[in-house]
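K.L.:
Residues 710 to 1065 (our numbering) make up the sequence shown, in order.
Quick one: structure below, then a few questions.
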Amino acid sequence: MLRIRRLQMTCALLCALALVLSVPCAQPQAIASAQVVGQVVDASGAALPGSTVKMIETSKGVSHEAVTDTDGRYTLTHLPVGPYRLEVSKTGFKTYIQSGIVLQVDDHIPLNATLQVGAVSETVEVTAGGTLLQTESNSIANVVDSQRISNIPLNGRLATQLVLLTGASATVASPGDLTSSKNFYSSAPISVAGAQGNGVNYLLDGGDNNDTFSNVNLPFPFPEALQEFNVETNSLPARDGLHPGGVVNIVTKSGTNAWHGDAFEFYRTGGFNARNTFAKVHDSLHRNQFGGTFGGRIIRDKLFFFSGYQGTRVGQVSNGNTAFVPTPAILNGDFSAFDSAGCRSGGTGLSLKIPA
């Protein structure tokens, strides 16, 4: 009996391990990704069907493959953002290699290849330069990359503010039905392409990131955990037609074959600044934000991880709230003097006293 149980447990563990290892090969639908299309031809311009096309993530070693059709065309979808190398091969031709390719979120770019006659072991290497022109999509989008996310000062480290760097974006007045105490503190009504403040579709790694209560944004991850995000303002595809405004597509960082991480500490206090001329005391704000990230590989070229944490501690003297402090009589159950006669709109009122 014990032997059978051990066998069952071993089989269950092997099935779980096989499921985990198969994850990198899956093609998830809900993911912030890019797409590449192209055609493979020979020196005379004739199509080369049956050519093997590989897009290799240079930081991870993960390969995404396709085979050209009868017209020599191919399509590779659901490619994670990041740096790539294109390799095209076919028997009787030299292998074509193009490096320096960087895909950004929602890219739809063409990558064509011309193969020269020769042995497969011979290679023709091309280095991509500048920004790749998108001819497969007519949408207008602006990308905020990780360099700007990390280097631009942010009040409270709220990455939502960076949406305003893109064109056709502006903050709007915040009526109580959009943002209130019921929302996250980082929620902000932002108008994109002239839409209402709650008319923007926010996506986080392909999933919905809108507050179901008010339809404004849910919090962005902290800056060190963000890879990039883009803001589309025109000619949105059908998949993004949920809201009348633009689409903000956010991508978080992921692990690679190399180990990488960082630690940070941001401290703000009124003591670091001069006192306002018209104020009697210094700014009482004390904000401490700290944390770090760490990522790497579990299995080289197959399985990766990335983790991060940010803690926020805020202290500030309140100067705008009203508090009612109970009197000794009220603490003893006597409410007879709770309101004065001058505050009554009419009638004699009712004296409350416990016990009566």
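Heads up, the beta-carbon is just placed ideally off N, CA and C, and yes, glycines get one too.
Bear in mind that the values here come from a model prediction, so they are computed numbers and not experimental data.
Which class does V1023 belong to by DSSP, given the choice of helix, strand or coil?
P.N.:
V1023: strand per DSSP, three-state reduction.
K.L.:
Would you call the segment 767-778 in contact with the segment 847-854, where contact means no fewer than 3 C-beta pairs closer than 8 Å?
P.N.:
Taking 8 Å as the limit for Cβ pairs, the verdict is that the segment 847-854 does not touch the segment 767-778.
K.L.:
Over what stretch of residues does the beta strand (DSSP E) that includes S798 continue unbroken?
P.N.:
Residues G791 to S798.
K.L.:
Going by DSSP in three states, A972 sits in which element: helix, strand or coil?
P.N.:
Three-state result, A972: strand.
K.L.:
What did DSSP end up calling R948 once you bin it into helix, strand or coil?
P.N.:
R948 falls in the helix class under three-state DSSP.
K.L.:
What are the complete beta strand (DSSP E) segments, minimum 3 residues, inside the segment 746-807?
P.N.:
Complete beta strand (DSSP E) runs here, min 3: 761-766, 772-776, 782-789 and 791-798.
K.L.:
Once DSSP output is grouped into helix, strand and coil, what is the label at P932?
P.N.:
Helix at P932.
K.L.:
Can you find the residues in the same chain that come closer than 6 Å, C-beta to C-beta, to K763, ignoring five residues on each side of it along the sequence?
P.N.:
Once the five neighbours on either side are set aside, the close Cβ partners of K763 are S772, E774 and E796.
K.L.:
From which residue to which residue does the beta strand (DSSP E) around I899 run?
P.N.:
First-last of the beta strand (DSSP E) with I899: I899 to V901.
K.L.:
Looking at T836 and S798, is the spacing between their C-beta atoms short of 8 Å?
P.N.:
The answer is no: Cβ separation not under 8 Å.
K.L.:
Could you spell out where the beta strand (DSSP E) holding R1006 opens and where it closes?
P.N.:
H995 to I1008 is the span of the beta strand (DSSP E), which, as asked, contains R1006.
K.L.:
What's the gap between the Cα of G1000 and the Cα of T832?
P.N.:
Taking the straight line joining both Cα atoms gives about 46 Å.
K.L.:
Considering P1037, what are the terminal residues of the alpha helix (DSSP H) in which it resides?
P.N.:
Counting along the chain, the alpha helix (DSSP H) containing P1037 begins and ends at P1037 to L1040.
K.L.:
If we call anything under 8 Å between Cβ atoms a contact, is G1004 one with F1015?
P.N.:
Yes, these two residues count as a Cβ contact at 8 Å.
K.L.:
What residue range does the alpha helix (DSSP H) around I861 cover?
P.N.:
Taken as a continuous stretch (DSSP letters only), I861 belongs to no alpha helix (DSSP H), as it is neither H nor E.
K.L.:
Find the nearest neighbour of G791 within the set L873, V749 and K962, judged by alpha-carbon distance.
P.N.:
Out of L873, V749 and K962, K962 has the C-alpha closest to the C-alpha of G791.
K.L.:
In whole angstroms, what separates the C-alpha of L824 from that of Y805?
P.N.:
Cα to Cα, L824 sits roughly 6 Å from Y805.
K.L.:
Under a three-way DSSP split, which group does T823 fall into?
P.N.:
Note: T823 maps to strand in three-state DSSP.
K.L.:
Using the DSSP secondary-structure output, state which residues sit across from G908 in a beta bridge.
P.N.:
Its beta-bridge partners do not exist; DSSP assigns none.
K.L.:
On a Cα-Cα basis, can you pick out the residue from A983, G747, I1008 and Q856 that is closest to G781?
P.N.:
Checked all of A983, G747, I1008 and Q856; the closest Cα to G781 is G747.
K.L.:
Which stretch, first to last residue, makes up the beta strand (DSSP E) that contains S878?
P.N.:
Segment S878 to T880, the beta strand (DSSP E) holding S878.
K.L.:
Determine the DSSP secondary structure at G980, reduced to helix, strand or coil.
P.N.:
DSSP places G980 in helix when its eight states are reduced to three.
K.L.:
Assign I861 to buried or exposed, taking buried as 16 or more other Cβ atoms, counted over all protein chains shown, within 10 Å of its Cβ.
P.N.:
By the 10 Å Cβ count, I861 comes out exposed.
K.L.:
Who pairs with F922 in a beta bridge, going by DSSP?
P.N.:
BP columns for F922 are empty, so no partner.
K.L.:
Taking DSSP's pairing of strands, which residues face F1013 in a bridge?
P.N.:
F1013 pairs with R1006.
K.L.:
Below 8 Å, how does it come out for the segment 867-882 and the segment 936-946: are there three or more Cβ pairs, yes or no?
P.N.:
Result yes; three or more Cβ-Cβ pairs closer than 8 Å.
K.L.:
Output the boundary residues of the beta strand (DSSP E) element that contains A850.
P.N.:
Looking at the DSSP string, the run of the beta strand (DSSP E) that includes A850 is I849 to D854.
K.L.:
Check V872 in the structure and name its three-state DSSP category.
P.N.:
Here V872 sits in helix by DSSP.
K.L.:
Which residue's Cα is closest to the Cα of G964: V990, V956, G980 and R1009?
P.N.:
Out of V990, V956, G980 and R1009, R1009 has the C-alpha closest to the C-alpha of G964.
K.L.:
Identify, in the order they occur along the chain, each residue of the same chain with its Cβ nearer than 7 Å to the Cβ of G980, setting aside the five sequence neighbours on each side.
P.N.:
Excluding sequence neighbours, G980 sits near H991.
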